[in-house]
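Worksheet: the structure to be examined is printed underneath.
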Amino acid sequence: MNINKNIAYFQNLTHNTDCKLVAVSKTKSDSEILEAYSAGQRVFGENRVQEVEEKYHRLPKDIQWHMIGHLQRNKVKLIAPFIAMIHSVDSIKLAEEINKQAEKSKRIIPVLLQVHIAREQTKFGFSPEELLTLVNSGAFDGLTSISICGLMGMATFTDNKTQIREEFKRLKELFDSVKNTNPLGNHFKEISMGMTNDYEIAMEEGSTLIRVGSAIFGERN
Ligand SMILES: *Cc1c(COP(=O)(O)O)cnc(C)c1O
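Each number in my numbering comes from the position in the sequence shown (counting from 1) with 68 added on.
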């Protein structure tokens, strides 16, 4: 893989758009990450606590690390001091724990609420109905050390582009209905959707954060 060239491709693709690239570097080496860093990339996504923690300590401090994978509550304290954004908030209890650890670190941690939009059973996240009920009931209101910046979703892993597009449309509609009634405030502006397989559709449907790994760094083992 020519990481440098791939980063340039995505910089060009997102240039003059409202969409930003999260370069998903899970399982990738420091030297591969530094190659993307040299090309100007500063936002990287990881899905394991131990891995992101180790990389944070070894790599340049102006990297913004995004946690994109399922997060266990007992591990939040390990990343709370430095994590730039957590995309995978899928329960009130997890939101409460991030809030608690953010307070301890004297930080306000930006988070996204993960919504289950795929047909597959295995993906984490709130259902759209559940999310609306929780948000409108004020369930997140007391959590002043997290900033709820938007929603995250993963489409079904399929070649059916129509289905992927429908799933992204549902996430965008949900985002708009929360945005319009504004129960979470003005920080609510991000839609994290789109990966290597479907980032083009996601951008067409209003993504503001695409999370791309393999198309930049090559296949993972
Ligand atoms: C691994 C991962 C990605 C990136 O996947 P690619 O298909 O390699 O682009 C994006 N989002 C999440 C949540 C991931 O776990």
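By construction, the Cβ of each residue, glycine as well, lies at the ideal position given by its N, Cα and C atoms.
With 16 other CB atoms within 10 Å as the buried threshold, where does residue i fall?
i      : result
Pro128 : exposed
Gln79  : exposed
Gln169 : buried
Asp98  : exposed
Arg279 : buried
Asn167 : buried
Asn74  : buried
Glu235 : buried
Ser195 : exposed
Quick one: measure Cβ to Cβ for residue i and residue j, integer angstroms, because I've assumed they're closer than 8 Å.
i      : j      : result
Ile71  : Glu114 : Going by Cβ atoms, the distance from Ile71 to Glu114 rounds to 16 Å, so no, they are not a contact pair.
Gly286 : Met69  : 4 Å
Gly137 : Arg116 : 6 Å
Ile232 : Ile269 : 5 Å
Ser173 : Ala148 : 5 Å
In the DSSP output, what is residue i paired with across the bridge?
i      : result
Ser97  : DSSP, once it has assigned bridges, lists no residue as partnering Ser97.
Pro178 : Ser215
Ser260 : Met220, Leu277
Leu89  : Ile278
Ile154 : Met135, Val179
Glu114 : Met135
When every heavy atom of ligand 3 is checked, does at least one fall within less than 7 Å of the C-beta of residue i?
i      : result
Arg116 : Absence of ligand 3 is noted for the structure shown, with ligand 1 being the only ligands found.
Segment contact, 8 Å Cβ cut-off, at least three pairs: the segment 260-277 with the segment 235-243: yes
Sufficient close CB pairs (3 or more, under 8 Å) joining the segment 173-182 to the segment 150-160: yes
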